[in-house]
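Participant: Have a look at this one before I ask anything.
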Amino acid sequence: MNQQKQEMTQTEAYKSCVICGNPGVEKHSEGLPDRGEMIKVIHNDGKICEFVEYASISSFMERGKKKKDPQLMDCPECGHEGRIGNYRPKKAKQSHRWDYFIVHEQIEGFWGKNHKIKKRRRCYMKTEQQRNEILKRLGRCRL
Numbered sequence: 027m028n029q030q031k032q033e034m035t036q037t038e039a040y041k042s043c044v045i046c047g048n049p050g051v052e053k054h055s056e057g058l059p060d061r062g063e064m065i066k067v068i069h070n071d072g073k074i075c076e077f078v079e080y081a082s083i084s085s086f087m088e089r090g091k092k093k094k095d096p097q098l099m100d101c102p103e104c105g106h107e108g109r110i111g112n113y114r115p116k117k118a119k120q121s122h123r124w125d126y127f128i129v130h131e132q133i134e135g136f137w138g139k140n141h142k143i144k145k146r147r148r149c150y151m152k153t154e155q156q157r158n159e160i161l162k163r164l165g166r167c168r169l
């Protein structure tokens with residue numbers, strides 16, 4: 027009887043992976059800036075597959091709209107206060123991967139072709155610990 031219960035809990039915990047089709051344990055790792063949920067599937071052989079899941083089709087269609095709600099925090103890199111920003115470094119290959127930076131004071135010069143956007147000093151988060159600090163501050167960390 028105990029063996030049957032144990033087998034049932036193992037089969038419930040293991041789900042088929044959307045990416046490769048092999049069974050694995052699904053974990054919600056973090057909330058993304060575009061209102062998606064990062065899902066990690068951990069397989070028995072140690073392989074990890076990642077994909078994004080959205081609550082509905084409408085939330086997927088409206089994911090590009092930014093809201094004006096700046097989050098401020100002390101920068102783990104330099105210690106000064108700044109606004110949290112995000113970007114996708116490998117948009118073509120890993121569209122689900124987001125990295126973060128902190129925007130600080132204005133510096134001389136302009137960005138862009140028409141020179142309308144003023145430059146600001148940025149500190150890019152390079153380590154996983156810095157990334158986790160930002161995710162905790164934004165309330166998106168699930169693990």
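Residues in the sequence shown are numbered from 27 upward in steps of one, following the working numbering. C-beta atoms are modelled at their ideal positions from N, C-alpha and C, and glycine is treated no differently.
Going by the C-beta, is Asn-112 closer than 7 Å to any heavy atom of the ligand NAD?
Facilitator: Because no ligand of any kind appears in the structure shown, any question about the ligand NAD cannot be addressed here.
Participant: Alpha carbon to alpha carbon, how far is Gly-72 from Cys-43? Give it in angstroms, no decimals.
Facilitator: Looking at the two C-alpha atoms, the distance is approximately 13 Å.
Participant: Please report the straight-line C-alpha distance between Met-34 and Asn-70, rounded to a whole angstrom.
Facilitator: Confidence at Met-34 is low in this model, with a pLDDT of 37, below 50, so the placement of that residue should be treated as unreliable; the coordinate-derived value is given next. Rounded to whole angstroms, Met-34 to Asn-70 spans 17 Å at the Cα level.
Participant: Please identify the residue among His-122, Lys-119 and Leu-98 whose C-alpha is closest to the C-alpha of Lys-162.
Facilitator: The option with the nearest alpha carbon to Lys-162 is Leu-98.
Participant: Smallest Cα separation from Tyr-53: which of Cys-46, Ile-65 and Arg-61?
Facilitator: Looking at the sequence itself, residue 53 is Lys, so the reference to Tyr does not match. Taking only the C-alpha atoms, the option nearest Lys-53 is Ile-65.
Participant: What residue from Ile-160, Cys-46, Cys-101 and Asp-60 has the CA that sits closest to Ser-84's CA?
Facilitator: When only C-alpha atoms are compared, the closest one is Asp-60.
Participant: Taking 8 Å as the threshold (C-beta atoms), are Lys-142 and Gly-135 in contact?
Facilitator: Cβ distance not < 8 Å, so Gly-135 and Lys-142 don't count as in contact.
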